[in-house]
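Enquirer: So that we are looking at the same thing, I have put the structure below in structure tokens.
Protein chains: 6
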Amino acid sequence: MFRHQKELQFEVKVERPDPQLAKHIQELLGGQFGEMSVMMQYLFQGWNCRGNEKYKDMLMDIGTEEIGHVEMLCSLICQLLDGASPEQQAEAAKDPTLAAIMGGINPQHLIVSGLGATPKDSQGVPWNAGYIVASGNLLADMRANLNAESQGRLQVARIYHMTKDEGVRATFRKMLARDRYHQYQWMAAISELEEKNGVVVPASFPPEAEKESQPHALEFWDLSEGEESSTGLWATGSAPDGTGDFVYLPDPAPQGNIPDPIVPAPELHHDLDGQATNK
Amino acid sequence: MFRHQKELQFEVKVERPDPQLAKHIQELLGGQFGEMSVMMQYLFQGWNCRGNEKYKDMLMDIGTEEIGHVEMLCSLICQLLDGASPEQQAEAAKDPTLAAIMGGINPQHLIVSGLGATPKDSQGVPWNAGYIVASGNLLADMRANLNAESQGRLQVARIYHMTKDEGVRATFRKMLARDRYHQYQWMAAISELEEKNGVVVPASFPPEAEKESQPHALEFWDLSEGEESSTGLWATGSAPDGTGDFVYLPDPAPQGNIPDPIVPAPELHHDLDGQATNK
Amino acid sequence: MFRHQKELQFEVKVERPDPQLAKHIQELLGGQFGEMSVMMQYLFQGWNCRGNEKYKDMLMDIGTEEIGHVEMLCSLICQLLDGASPEQQAEAAKDPTLAAIMGGINPQHLIVSGLGATPKDSQGVPWNAGYIVASGNLLADMRANLNAESQGRLQVARIYHMTKDEGVRATFRKMLARDRYHQYQWMAAISELEEKNGVVVPASFPPEAEKESQPHALEFWDLSEGEESSTGLWATGSAPDGTGDFVYLPDPAPQGNIPDPIVPAPELHHDLDGQATNK
Amino acid sequence: MFRHQKELQFEVKVERPDPQLAKHIQELLGGQFGEMSVMMQYLFQGWNCRGNEKYKDMLMDIGTEEIGHVEMLCSLICQLLDGASPEQQAEAAKDPTLAAIMGGINPQHLIVSGLGATPKDSQGVPWNAGYIVASGNLLADMRANLNAESQGRLQVARIYHMTKDEGVRATFRKMLARDRYHQYQWMAAISELEEKNGVVVPASFPPEAEKESQPHALEFWDLSEGEESSTGLWATGSAPDGTGDFVYLPDPAPQGNIPDPIVPAPELHHDLDGQATNK
Amino acid sequence: MFRHQKELQFEVKVERPDPQLAKHIQELLGGQFGEMSVMMQYLFQGWNCRGNEKYKDMLMDIGTEEIGHVEMLCSLICQLLDGASPEQQAEAAKDPTLAAIMGGINPQHLIVSGLGATPKDSQGVPWNAGYIVASGNLLADMRANLNAESQGRLQVARIYHMTKDEGVRATFRKMLARDRYHQYQWMAAISELEEKNGVVVPASFPPEAEKESQPHALEFWDLSEGEESSTGLWATGSAPDGTGDFVYLPDPAPQGNIPDPIVPAPELHHDLDGQATNK
Amino acid sequence: MFRHQKELQFEVKVERPDPQLAKHIQELLGGQFGEMSVMMQYLFQGWNCRGNEKYKDMLMDIGTEEIGHVEMLCSLICQLLDGASPEQQAEAAKDPTLAAIMGGINPQHLIVSGLGATPKDSQGVPWNAGYIVASGNLLADMRANLNAESQGRLQVARIYHMTKDEGVRATFRKMLARDRYHQYQWMAAISELEEKNGVVVPASFPPEAEKESQPHALEFWDLSEGEESSTGLWATGSAPDGTGDFVYLPDPAPQGNIPDPIVPAPELHHDLDGQATNK
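Protein chains in written order, with full-length UniProt numbering: chain X, 1 to 279; chain G, 1 to 279; chain W, 1 to 279; chain S, 1 to 279; chain Y, 1 to 279; chain Z, 1 to 279.
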């Protein structure tokens, strides 16, 4: 069960409205790697967690924090939209410097939400649950989380340069710090888990089946012209778990057959030769 | 530019048709972490890569390999659907053991694709590009790739137990090996990049702004009842980049204000008190 | 800012696993009118609320409660999936009565989530934000909420009959009670708001424009053969706000023109007569 | 079966082209609460209606009217796009006042539809059937319809202020009038149905189960800090159907357990302790 | 404006309920090439049609007919769902032959629509407007229509074999006949248009630009191993408009450059060498 | 299996950056009829092809070519985005002629992809597999392909006029030529197939069922007021396969019944009269 308190986790106070920026910040709220994604991803991972109380508690801590980040971004967007009514926009249109900022508004911020934040990205695409994952395998999911915080922090950093508003920037600096911590956090969890089970996900696949496939688990297939890729650690070093050395195949040959599927029955209506005049 | 050769990368030869399994394997083809996702993700990362020839070449090598993995799965699914015409299904329905396997067919495999693979997941949801990312930041994207290969290999391992067909299992073992290599590969690339730029994405955010936010970059906020989370490396250790020690906040207080957005103009029609009888 | 406590709002304890039911209950979690929808809808309405502290607080109360309902359903689904591993399913397949229940599992509950709940509906379609609304107009949004609780409670009532599991049914009775209260709650709020502003949304549209359109605001257009519709209150009574009596038009004639759009310029390449200079 | 006549239901005649406005009006055509939504919602409710001839006829009347509203909006958008070819836009770009209007065009209106309306919202998101509902329960669906007409009319009213074009405004006034009537209509139908069956959806859930859950059907759970919500009718009054008085719980305690799901079998590959070295 | 009459275009009368078949037939209603698609595609093409009264009238004729086809399929699905309440299903489960048919029900037909048709495909994916096109170019759109009727008729033919119900089959035969006519119709329209403007879409692209690109307009690039493709009419014949003979390139070489995009500015945070310690 | 070579199929070299144009060109990459669609459509058709080696090889040839077209467009978009960092945009904003071009950037090109191409259309909607088809019936699919190349070439032609950049235009001319060839190619394949099997898809539906439905396969139903449609080849000529002459029905009467579905059981909770035992 959850409870809400009215104060925001961190201060959100913009210097002046900027509807165009509000449109861009929607990416951080309802985009693929926005706060809705990490909120839902961590909560579902926590709710589905089985047999790992320490991790479950941790996931619920951070998932609950992220609901508050969605809340902060809604407040930020609402403030940036303040005073962007059609009449005020018409007024602003007379001043060229204001015109661009006001005219860059997302029309749905006017028509649909009445100056409120929307659960969508910067292009108006609704958030969907295809962005998130909760697989039950902790190492896999912590990697998903580290990726999400990396992509998310990158986006905040980029949008940071798109405004000079010191209020917005102060909020972003708080988010950047938390996203940095969250990257640390998932790295620490990943270290713990890799220490225990090894680096490959899943760790528990039957070893004898692993044996047969071992050679292919160390090969780099050079399928794009040029051999620049031969100088990377992935081509020249050893597997991180010490199971062997990588092999660079500069001109790999296919090992499989040419597919030859069976001709389907006439009632599938492929209309192949001899099928057209049917029973 | 690309070229195609007719042989599959690895042998694909099933023992017997199994339409229900074909339905399940669609997850590995057109699901969130299926082969279509890694194929498109690596290709877009390669095509968008700027100023890193070694990585670009590597991304094109593996992206090109993945097109061939989509091809292998299509062949696998086609074979599992062989002979699943409506008449053959009606015949099979008389034998209870066959009935379940034949009756578990995805109806679109009959009606829409005529016993061919579809670009959809195991529940029939079409693949969409919201599953993938190509951010331009290599470390962020390699983390996305490591996550994708972890989730993908986990799914192959799970579905491995859902069949006894040795032909299918042999194909899966090849895929498990390649997914293992690809995990190694992204780990190796991540090591190189972290060595160079540090572990936080992005590395290049202005250091003076980092300073202000430094305290919050080390705090764990305990927002879910219970302190099991206090025993993890994320709460007790140091930041992976040595910038400080983590701080566990057992009862954190919000640091922000209570939001108080401005009442919108009447032409937004919020119908607040005094707005209802309009100009 | 939010906080989480570990206990569920209401007891969730199923009698026995039932993967097929778990699949069906996903509708109540991640479907169009599932708990994810009301949770996100009320939270966004609360976060975007301007100038109505009483309503904002109320929306945050109920939105926060709904996060806990999503949590309850995740727990319910996890319990219904207990013990549904592939090996256990193979075992169950030998017993016809168990076979149907175990075999009716959503394959993604095995392959993707490892026996955890997914943010999707009963057919595997991911939840998306196109299901919800937060318009800023309180009366409009309370009507959306009353609709959501009506549809949601209807779905719980229907699925109630699809199981005899007393643990599941007890949980559903709690949800039915809360959904009943929430219907009362939105009705009460609607009464307050209609009392203040009138029954039409929005209330604040300029009255002089209303005057011109008044006749059409009272007409029923009978455009489907048959006059059964003429006996309803909408055809025979007065407008709820007393602005006039309804008029039933049994054979209404169109009042508009035949559209005659302008022929587009050649560079739009409609290839009309005389434009195809290049054949 | 349906028939079409060429005249529009109401006159549509714009004063001058305005591609930017055309882009915005797409919201009213293909958005979540646009005319495509009400058209498809009423038609599906009518087609699925069982055992209520009066309501079925009424739903078919209004659903058929709404096809004509989609038609009107297509005509409106086509007119607003007249003369917006690339060459004409380049010409307009020389005049600053024209430039904004012409440059604000949705690029798909040029590239994809050749100056025609598209079945999408103002941000280019395709209409999808996840926006609509036809549940079979008339009271639930009439509430969905009242909500749709409320949100839809609100959007028309807002966009009304975004143009001074008297032709467009005249069309909008017709639509506002019809949306007003349609709100009346659903209110009247709701009154009839509530009168007959009571106010709670569904009405027919077994009474004995209702009894057990009765207390929770009257409680307001105050889960967000602050008690402003205690002053509303939902906290202080009686249930609309007179089944009891509301109870305000200022500090509600959870009544459920702490979930403790079963550790899954190794072949799900959660990689828990002791699972990593597998059979 | 539209009108509705109560009779269906063709008789719809099933012999007995079959919920599993109802689920499959959803593909023909709300799938990619279902009746909703052709209905919306023809209507939008008609509404957007400029300067071609004959074609516009024809598009409105057939688009209006297709609304009636959606109606027929809703009636068909409702009849197939008759009597599929949970209690009746439980009863049926005792008879193995009934069990499969009743148990194969789409759960949303129970939970969401109460035995009504849904605007979704056979897998439960909601219909969306990304399935249709109305480009303004008549020849392009007639080809889209011919494709839609070909795919749609193919699907009806396939599903025809999945039932022995003579009532369902009779309805399908009517649909097959209409889909056949509609294929004829689009072929006839295509003939007219190709006769007038030539076979290439668009016909009106500037001839001088065509000249430069002429050689590449006749080349077949053999990029997949094997030369079976060299024996088709596309490799050995002449262009249908007589502009030249096809050329088969057995081993084509790329004619472009190796892309070498510019290294992005540091504030994009690609974290390339030398960017990590930022201003 | 596939291989990649570094050179592009055709030269791509823009004259100068133009972020607004980059946004528009996304339509040709990730839109409904963009290069991603034809690439995936041809590859899936090739992979699923059964019993037609000549066609399979041809589909793989052209599908492989289309991967290279996606690559070319990514290169084109990257070049158009060169130098569009926030700081460079701020600089450009001082020059009105540059301001429009730089300001028209898709915000995701900055925030999400860091100046890279995205797998989305010009409005930011992610590509999805609902755009493509691989039915197994060759004639049906060739018609889908001819449609895709027609719509695609039309879009390239339209966007051609939206830029004066000679580098971009040269690339487009290459694409227009290839799209022209691909139209020829599908026409040639269609001719071959129609010659063999007849013009109706599918050809193999049982002839005796065809007989019963023959009259309806020749009728034009005039359901939209006005008889302009009576003058087309579809109303006045013969069926393309000579099976009869078309018949124009100027005032067609419905031939079906009025649907009368069965009242559902109480546990579906339609709340019909007499069902609401609990009010």
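Ideal Cβ placement from N, Cα and C applies to all residues, glycine included.
Computed from a predicted model, the values in this text were never measured in an experiment.
1) Taking the alpha carbon of residue 106 of chain S as the point to measure from, which residue in Z:159, Z:64 and Z:236 has its own alpha carbon closest?
2) Does the CB of residue 267 of chain Y have a neighbour CB from chain X at under 7 Å?
3) According to DSSP, is residue 278 of chain X helix, strand or coil?
4) Around the C-beta of residue 43 of chain S, are 16 or more other C-beta atoms found within 10 angstroms, so that it is buried, or is it exposed?
5) Whole-angstrom Cβ separation of residue 149 of chain S and residue 179 of chain S, contact assumed at under 8 Å?
6) Return helix, strand or coil for residue 13 of chain G, following the three-state DSSP convention.
7) Give me, in chain order, the residues of the same chain whose beta-carbon lies closer than 6 Å to that of residue 260 of chain X; leave out the 5 immediate sequence neighbours on both sides.
8) What number of angstroms, rounded off, separates the C-alpha of residue 83 of chain G from the C-alpha of residue 221 of chain Z?
9) On the premise that residue 216 of chain X lies in contact with residue 184 of chain G, defined as a C-beta separation below 8 Å, what is that separation, rounded to the nearest angstrom?
10) Less than 7 Å between CB atoms is the rule here; does residue 37 of chain W satisfy it with respect to chain Y?
11) Tell me whether the beta-carbon of residue 9 of chain X lies closer than 7 Å to the beta-carbon of residue 103 of chain G.
12) For a cutoff of 7 Å on Cβ pairs, would you count residue 100 of chain S as touching chain G?
13) Pull up the distance between the alpha-carbon of residue 34 of chain S and that of residue 14 of chain Y, whole angstroms please.
14) Can you list, in chain order, the residues of its chain whose CB lies under 7 Å from that of residue 19 of chain X, leaving out five sequence neighbours each side?
15) DSSP on residue 186 of chain Z, reduced to helix/strand/coil?
16) Please list the partners that residue 245 of chain G has in chain X, where partner means a Cβ-to-Cβ separation under 8 Å.
17) On the criterion of 16 or more Cβ atoms from any shown chain inside 10 Å, does residue 283 of chain X qualify as buried, or is it exposed?
18) Let's test the definition: count the other Cβ atoms within 10 Å of the Cβ of residue 96 of chain G and tell me whether it reaches 16, buried, or not, exposed.
19) Name, please, each residue of chain Z whose Cβ falls closer than 9 Å to the Cβ of residue 128 of chain Y.
20) I'd like to know if residue 48 of chain Y contacts chain S, where contact means its C-beta is closer than 7 Å to some C-beta of that chain.
21) Looking at the strands, I want to know which residues DSSP matches up with residue 204 of chain W.
22) How would you write the range of the alpha helix (DSSP H) that residue 55 of chain Y sits in, first residue to last?
23) For the segment 149-161 of chain W, enumerate the residues whose C-beta is nearer than 8 Å to any C-beta of chain Z, in chain order.
24) Based on Cα-Cα distance, which residue from S:228, S:73 and S:142 lies nearest to residue 156 of chain S?
25) Kindly indicate the opening and closing residues of the alpha helix (DSSP H) around residue 35 of chain Z.
26) Could you have a look at residue 249 of chain W and say whether DSSP puts it in helix, strand or coil?
27) Among X:123, X:124, X:130 and X:164, whose alpha-carbon lies nearest the alpha-carbon of residue 126 of chain G?
28) Residue 126 of chain S by DSSP, collapsed to three states: which one?
29) Measure the C-alpha to C-alpha separation of residue 176 of chain X and residue 199 of chain G and round it to an integer number of angstroms.
30) Please identify, using Cβ separations under 8 Å, the residues of the segment 112-124 of chain Y that lie next to chain A, in order along the chain.
31) Which stretch, first to last residue, makes up the alpha helix (DSSP H) that contains residue 27 of chain W?
32) If you reduce the DSSP assignment to three classes, tell me which class residue 270 of chain G lands in.
33) From the beta carbon of residue 193 of chain S, is the nearest beta carbon of chain X less than 7 Å away?
34) In chain order, what residues of the same chain have a beta carbon less than 6 Å from the beta carbon of residue 172 of chain G, not counting five sequence neighbours either side?
35) Which residues does DSSP list as the beta-bridge partners of residue 238 of chain Y?
36) Out of W:236, W:205, W:191 and W:60, state which residue places its alpha-carbon closest to the alpha-carbon of residue 267 of chain G.
Expert: By the coordinates alone:
1) In the fourth sequence, counting from the first residue as 1, residue 106 of chain S sits at position 106. The candidate whose alpha carbon is nearest that of residue 106 of chain S is Z:159.
2) Here residue 267 of chain Y is taken as the residue at index 267 of the fifth sequence, counted from 1. Answer yes: the Cβ-Cβ gap between residue 267 of chain Y and chain X drops below 7 Å somewhere.
3) Working through the first sequence from its first residue, we reach residue 278 of chain X at position 278. A caution first: residue 278 of chain X carries a pLDDT of 40, below 50, which makes its placement in the model too unreliable to give a value.
4) Walking along the fourth sequence from the start, residue 43 of chain S turns up at place 43. Looking at its Cβ environment, which holds 16 or more other Cβ atoms inside 10 Å, residue 43 of chain S is buried.
5) To locate residue 149 of chain S, count along the fourth sequence from 1; it is residue 149. To locate residue 179 of chain S, count along the fourth sequence from 1; it is residue 179. Correct: roughly 5 Å between the Cβ atoms.
6) Looking up residue 13 of chain G in the second sequence gives position 13. Residue 13 of chain G falls in the coil class under three-state DSSP.
7) As a working note, residue 260 of chain X is residue 260 in the first sequence. Closer than 6 Å at the Cβ level, and outside the excluded window around residue 260 of chain X, lies no residue.
8) In the second sequence, the residue the question calls residue 83 of chain G occupies position 83. In the sixth sequence, the residue the question calls residue 221 of chain Z occupies position 221. About 40 Å.
9) On the second sequence, residue 184 of chain G is found 184 positions in, with the first residue counted as 1. On the first sequence, residue 216 of chain X is found 216 positions in, with the first residue counted as 1. Their Cβ separation, rounded to whole angstroms, is 12 Å, which puts residue 184 of chain G and residue 216 of chain X out of contact at 8 Å.
10) Here residue 37 of chain W is taken as the residue at index 37 of the third sequence, counted from 1. Answer no: the Cβ-Cβ gap between residue 37 of chain W and chain Y never drops below 7 Å.
11) Position 9 of the first sequence, counting from 1, holds the residue named residue 9 of chain X. Position 103 of the second sequence, counting from 1, holds the residue named residue 103 of chain G. Contact: no.
12) Numbered from 1 along the fourth sequence, position 100 holds the residue referred to as residue 100 of chain S. Not one chain G Cβ lies under 7 Å of residue 100 of chain S.
13) As a first step, residue 34 of chain S is located in the fourth sequence; it is residue number 34 there, counting from the start. As a first step, residue 14 of chain Y is located in the fifth sequence; it is residue number 14 there, counting from the start. Spanning the two alpha carbons is a distance of roughly 35 Å.
14) Working through the first sequence from its first residue, we reach residue 19 of chain X at position 19. Excluding residues within five positions, the ones whose Cβ falls inside 7 Å are 80, 81, 84, 101, 102, 104, 105 and 109.
15) Against the sixth sequence, residue 186 of chain Z aligns to sequence position 186. Correct three-state label for residue 186 of chain Z: helix.
16) Counting from 1 along the second sequence, the entry for residue 245 of chain G is found at position 245. None at all; the shortest Cβ gap to chain X is about 11 Å.
17) The structure shown does not extend to residue 283 of chain X, since chain X spans only 1 to 279, so no value can be given for it.
18) Residue numbering aside, residue 96 of chain G sits at position 96 when the second sequence is read from its first letter. Exposed.
19) In the fifth sequence, residue 128 of chain Y corresponds to position 128, counting from 1. Simply 128 and 130.
20) Within the fifth sequence, numbered from 1, the residue matching residue 48 of chain Y stands at position 48. So, interface residue.
21) For this step, residue 204 of chain W is matched to residue 204 along the third sequence. According to DSSP, which records beta bridges pairwise, residue 204 of chain W is partnered with nothing at all.
22) Your numbering for residue 55 of chain Y matches position 55 in the fifth sequence. Segment 53-81, the alpha helix (DSSP H) holding residue 55 of chain Y.
23) 154, 157, 158 and 161
24) Along the fourth sequence, one-based indexing puts residue 156 of chain S at 156. Here the closest residue by C-alpha is S:73.
25) Residue numbering aside, residue 35 of chain Z sits at position 35 when the sixth sequence is read from its first letter. Residues 35-48.
26) To locate residue 249 of chain W, count along the third sequence from 1; it is residue 249. In the structure shown, residue 249 of chain W sits in a strand (DSSP, three-state: E or B).
27) On the second sequence, residue 126 of chain G is found 126 positions in, with the first residue counted as 1. Comparing Cα-Cα distances from residue 126 of chain G to each of X:123, X:124, X:130 and X:164, the minimum goes to X:130.
28) Numbered from its first residue, the fourth sequence carries residue 126 of chain S at position 126. In the structure shown, residue 126 of chain S sits in a strand (DSSP, three-state: E or B).
29) The residue given as residue 176 of chain X occupies position 176 in the first sequence. The residue given as residue 199 of chain G occupies position 199 in the second sequence. When rounded, the distance between both Cα atoms is 14 Å.
30) Considering every chain present, this structure includes no chain A. Its protein chains are X, G, W, S, Y and Z.
31) Numbered from 1 along the third sequence, position 27 holds the residue referred to as residue 27 of chain W. 19-30 is the span of the alpha helix (DSSP H), which, as asked, contains residue 27 of chain W.
32) As a working mapping, residue 270 of chain G is identified with position 270 in the second sequence. Here residue 270 of chain G sits in coil by DSSP.
33) Within the fourth sequence, numbered from 1, the residue matching residue 193 of chain S stands at position 193. Output row for residue 193 of chain S: interface = no.
34) In the second sequence, counting from the first residue as 1, residue 172 of chain G sits at position 172. For residue 172 of chain G, where only same-chain residues beyond five positions count, the Cβ hits under 6 Å are 156 and 160.
35) Within the fifth sequence, numbered from 1, the residue matching residue 238 of chain Y stands at position 238. BP columns for residue 238 of chain Y point to Y:245.
36) As a first step, residue 267 of chain G is located in the second sequence; it is residue number 267 there, counting from the start. When only C-alpha atoms are compared, the closest one is W:205.
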